[in-house]
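Let me begin by presenting the structure, written as structure tokens, before commenting on it.
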Amino acid sequence: NLPRPISRRDVFDIVDQIRTTSDAERDRVAEKAFVAIMVWGYGTTGYGPHRVKEMRASRQEGLGSYMVNITEAASDGPVEAYRFLANNKAKQLGPSYGSKVAYFATPGEVSPVLDSEVAQWIQQYEGRAHFQLTEWSTLQYGDFQAYCSQLLDVIRPLVSEAEQTLGLVEYLMFTDRFAGSLPSWARRI
317 NLPRPISRRD VFDIVDQIRT TSDAERDRVA EKAFVAIMVW GYGTTGYGPH RVKEMRASRQ
377 EGLGSYMVNI TEAASDGPVE AYRFLANNKA KQLGPSYGSK VAYFATPGEV SPVLDSEVAQ
437 WIQQYEGRAH FQLTEWSTLQ YGDFQAYCSQ LLDVIRPLVS EAEQTLGLVE YLMFTDRFAG
497 SLPSWARRI
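Position 3, counted from 1, in the sequence shown is what the numbering used here calls 319; the numbers after and before it change by one each time, with no gaps.
Shown next, in the form of structure tokens:
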């Protein structure tokens, strides 16, 4: 019973319910939040349900408790959420989707998504493969946060204060990847 189509805002709203739900309902709400992240991330690809099923089977405590633990780690920041995921892997959950989970688990959209589209945008813009998604690396994820912070400084005068998030920077990279031209704001760094 998720919204169709599901937006980033929808997923944030579902994840936020974890923090306000009673202990008795928290695991159920957290599992729904984890699944919502996966539905948003996988979109219409056919392998999403199979991978989520394998993730569920690989976590003895269940996806709800797993997601609660992730949101607790995220209270110390996005890199800590990512570190938790790297150290407590679920089968079929790799660094790219791990960054999606960290993004939604961290309040305030301060944790940008580092997926293949964003990495390819950076490679196109930088002219080199700057970020690899083949292995978990909290150091790389922290470097990605710093890279996005540099870009955020460039666009700060162009957007309202409420929109000034690393999530917006990543969203601009992602959407520009499909537009086919480097944005003028990124050329300023």
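We put the CB at the ideal spot given by N, CA and C, even for glycine.
In the segment 385–450, which residue ranges form an unbroken alpha helix (DSSP H) of at least 4 residues, counting only runs that do not cross its ends? 394–403, 411–421 and 432–442
Straight-line CA distance for M489 to A373? Position 173 of the sequence shown, counting from 1, holds the residue named residue 489. Position 57 of the sequence shown, counting from 1, holds the residue named residue 373. Spanning the two alpha carbons is a distance of roughly 34 Å.
Helix or strand or just coil, what does DSSP make of E377? Taking the sequence shown and counting its residues from 1, the one referred to as residue 377 is at position 61. If DSSP states are grouped into helix, strand and coil, E377 belongs with coil.
For E396, I'd like the list of residues in its chain whose CB is within less than 8 Å of its CB, leaving aside the five on either flank, ordered along the chain. For the purposes of this step, residue 396 is identified with residue 80 of the sequence shown, where counting begins at 1. The answer, listed in chain order, is A389 and A390.
Cβ separation of I327 and I353, assumed to be a contact under 8 Å, to the nearest whole Å: As a working mapping, residue 327 is identified with position 11 in the sequence shown. As a working mapping, residue 353 is identified with position 37 in the sequence shown. In the sequence under discussion, the amino acid at residue 327 is Val, which differs from the Ile named in the question. Indeed, because the Cβ distance is near 6 Å, the residues count as touching under 8 Å.
Along the chain, where does the alpha helix (DSSP H) that runs through I322 open and close? Taking the sequence shown and counting its residues from 1, the one referred to as residue 322 is at position 6. Per DSSP, I322 belongs to no alpha helix (DSSP H) and is neither H nor E.
For Q461 and L468, the rounded distance between their alpha carbons: The count along the sequence shown starts at 1 and reaches residue 468 at position 152. The count along the sequence shown starts at 1 and reaches residue 461 at position 145. Their Cα atoms are separated by approximately 10 Å.
Hey, how far is the Cα of R399 from the Cα of V417? Here residue 399 refers to the residue found at position 83 of the sequence shown. Here residue 417 refers to the residue found at position 101 of the sequence shown. Whole-angstrom Cα-Cα distance: 12 Å.
One question on the structure: do L318 and E347 come within less than 8 Å of each other, judged by their Cβ atoms? As a first step, residue 318 must be located in the sequence shown, where it is residue number 2. As a first step, residue 347 must be located in the sequence shown, where it is residue number 31. It is not a contact, given that the beta carbons lie outside the stated cut-off.
Between the segment 419–431 and the segment 327–345, can you find at least three pairs of beta-carbon atoms closer than 8 Å? yes
Cutoff 6 Å; reference E433; Cβ partners in own chain excluding five residues on either side: Position 117 of the sequence shown, counting from 1, holds the residue named residue 433. Only F490 and R493 meet the Cβ criterion.
According to DSSP, is G362 helix, strand or coil? Within the sequence shown, residue 362 is the residue found at index 46, counting from 1. Coil, per DSSP.
Excluding sequence positions up to five away, which residues of its chain have a Cβ less than 6 Å from the Cβ of V368? As a first step, residue 368 must be located in the sequence shown, where it is residue number 52. Excluding sequence neighbours, V368 sits near M354.
Please tell me whether L449 and P473 are closer than 8 Å, where the distance is taken between their beta carbons. The count along the sequence shown starts at 1 and reaches residue 449 at position 133. The count along the sequence shown starts at 1 and reaches residue 473 at position 157. No.
For the alpha helix (DSSP H) that contains Q480, what are its first and last residues? Here the question's residue 480 lines up with position 164 in the sequence shown. Careful: Q480 lies outside any alpha helix (DSSP H) and carries neither H nor E.
Where does T454 fall in DSSP's three states? Mapped onto the sequence shown, residue 454 falls at position 138. Of the three classes helix, strand and coil, the one that applies to T454 here is helix, per DSSP.
What separation, rounded to the nearest whole angstrom, lies between the Cα atoms of C483 and Q456? Residue numbering aside, residue 483 sits at position 167 when the sequence shown is read from its first letter. Residue numbering aside, residue 456 sits at position 140 when the sequence shown is read from its first letter. Reading off the sequence, residue 483 comes out as Gly, not Cys. Going by the C-alpha atoms only, they are around 17 Å apart.
Consult DSSP for S338 and reduce its assignment to one of helix, strand or coil. The sequence position of residue 338 within the sequence shown is 22, counting from 1. Coil.
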